[in-house]
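In the numbering used here, the protein residues as written are 107 to 746.
Taking it in order: structure first as structure tokens, then the write-up.
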């Protein structure tokens, strides 16, 4: 991988997506260098490091197709003018627009800002932008469109590859919205554009720029990770399945960006940047709540090995009359700065976080060490299962990574197979490989939706008797070790089991085993007869409400031996804790309060550890911490 400040392990960058404050998407057509200079000066003074910028495709490649008799295509021109016989001209690039982009680069460099360039910006804020000569063509599959895209890439990247302000090349803004494609077509397009960028500039990373990636879709994290160097998320709760359920300053929503970024990074095998994030205006959150939201997201993304946070976007666009701002109300009140460039509270939090990072005694945060692998299987809603599993793990004090069943099985001491669904689930070879790991001493947890796993009884210690569609949901009663009387019954089907060699830890109302553990070789297998993860995903308030079930205690019980190996343990489910080992042997403890109320908890030290000087917040001698709403403590522990 090409290394840069965008991809450097442990490096976390803050920035925003930028359109000129006076013009939005018309900044290139209505160019005003002084406005841009003033914008960049204000953003740099606020501590931002990187701007994601967009050479709008029809402004930079304004080619038109001329036709002859019978609709025969004759040539491409700039309106009536022939394309210039130069490198830029033959690529159809506007000399005026290229000069203006060069000025943007110079101004960014002057103010110490880096630029992430979204090359093929044909989609922006709900509007499709295409060069006039390519209108009506699918830019992802049409050979004429792709030919001109490659000319654009080669000439544009070739022109600016030497500029010090350019940090990386983004394929373009959400190019998967520009047209339809099969998975094979999407992969070929990604490879074609990425390789063209690398041919023109092998020194900078290629960034995906895509959102809405899923193992079962046309655009997947695995394919993007194969052909690009840095993946990215655009985690808006309103637009992401299962995320628009709870207030933005509560656990589920404030973990959305982190969970999705880790999901992409793990499945794609590349680092991930939170490239667009925001609250989408005052109907979702007040300015004060939006500031609480971004503060929580900053600490959470940083603590979980993500590479940065870029807000959408720099400036308000409520004064603009052209499309897409005329069309879409949600595109108008998103800025870090108001129309007079006065900062909103969100920008103040980003500035404060940048200053906090600059004051740390280490240049980069060492990665966390996940205890578990969450293995996502066929037939299920992979993102829905992954999302709630990630949140439950955080509530339990556990860190996990994701893998998909068609990928190599990572080494781990604990494997989670939540919400087994359908009749495919996972290949036999992967199942046997997983069981071999358990025989050698690993722990396995399975929860059942409507799946039909084979080889069940010898592994789980239960013999299925009957299967039926549920008519009602009865709670699962747990034994006293969990401190919780029951969990909600859920799932479309119910399987009744007879115990063969499992130990029953929880039952349904009629005494049928619902939560069990069994030995398998030197390892253990936990089984939950309910898809509790998808129940949480689909149920508003199920993580933070006063009456929310404590399902996370299942995860804590399953992972108890691994959690005992941590330097610090916590109790409060709204407190997320990660540990990061420094070269000195000390550990940095990041404790994040994902709730809108002050949180007081006791962080218990394992034997042999002692508290060091805090980096943010404070901790009492007995480990008690008081963390303000949606805030974090950053502590240190050492041996002895």
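Ideal Cβ positions, reconstructed from N, Cα and C, are used throughout, including at glycine.
Model, not experiment: these values are computed from the prediction.
Using a Cβ distance threshold of 8 Å, residue 135 and residue 406 do not count as a contacting pair. When beta bridges are read from the DSSP output, residue 338 appears opposite 379. Under the DSSP assignment, residue 564 falls in the alpha helix (DSSP H) whose first and last residues are 562-566. Across the set 353, 316, 111, the C-alpha of 353 shows the shortest separation from the C-alpha of residue 701.
Cβ atoms of residue 472 and residue 686 come within 8 Å of each other, at about 4 Å.
Taken atom to atom, the span from the alpha-carbon of residue 153 to that of residue 463 is near 11 Å.
Residue 491 carries a helical assignment under DSSP once its states are collapsed to helix, strand and coil.
Per the DSSP secondary-structure output, residue 609 pairs in a beta bridge with 623. The C-alpha of residue 435 lies about 23 Å from the C-alpha of residue 316. For residue 233, the CB contacts under 8 Å within the same chain, skipping 5 residues up- and downstream, are 131, 429, 430, 433 in chain order. Taking a C-beta distance under 8 Å as the contact criterion, residue 408 and residue 383 do not qualify as a contact pair. In terms of Cα proximity to residue 594, the closest of 612, 606, 188 is 612. Straight-line spacing of the CA atoms in residue 605 and residue 555 works out to 19 Å. Taking the Cα positions, residue 254 is about 40 Å away from residue 361. DSSP, read as helix, strand or coil, puts residue 284 in coil. If you compare the alpha carbons of 303, 376, 441, 182 with that of residue 338, the shortest gap goes to 376.
The beta carbon of residue 518 lies closer than 7 Å to those of 478, 479, 548 in the same chain, with the five residues before and after it left out. When DSSP states are grouped into helix, strand and coil, residue 667 belongs to the helix group. At a cut-off of 4 residues, the continuous stretches assigned as alpha helix (DSSP H) that sit fully inside the segment 203-280 are 249-266. By alpha-carbon distance to residue 287, the top candidate from 225, 318, 324 is 324. Per DSSP, the unbroken alpha helix (DSSP H) holding residue 303 starts and ends at 289-306. Burial of residue 121 is indicated by the presence of at least 16 other C-beta atoms within 10 angstroms of its C-beta. Between the alpha carbons of residue 445 and residue 422 lies a gap of roughly 6 Å. Here the alpha carbons of residue 188 and residue 222 stand approximately 32 Å from one another. By the criterion of a C-beta distance shorter than 8 Å, residue 474 is surrounded in its chain by 409, 410, 411, 505, 684, 685, 686, once the five residues flanking it on both sides are discounted.
Residue 312 counts as buried, since at least 16 other C-beta atoms from the protein chains shown sit within 10 angstroms of its C-beta.
Taking all protein chains shown into account, residue 572 has fewer than 16 neighbouring C-beta atoms within 10 Å of its C-beta and is therefore exposed. Excluding the 5 residues flanking it on each side, residue 128 has same chain C-beta neighbours closer than 8 Å at 136, 138, 141, in chain order. Straight-line spacing of the CA atoms in residue 485 and residue 491 works out to 11 Å.
Residue pairing by DSSP puts residue 593 in a beta bridge opposite 582.
Residue 248 and residue 300 have their C-alpha atoms roughly 17 Å apart. Remark: C-beta atoms of residue 575 and residue 598 approach each other more closely than 8 Å. Going by beta carbons, residue 669 and residue 675 fall inside the 8 Å limit.
The continuous stretches of beta strand (DSSP E) do not include residue 164, which lies in the alpha helix (DSSP H) extending over residues 163-166. Taking residue 671 as reference, the option from 282, 241, 476 with the minimal CA-CA separation is 476. A contact between stretches requires three or more CB pairs, one per stretch, nearer than 8 Å, and the segment 728-742 meets this requirement with the segment 703-719.
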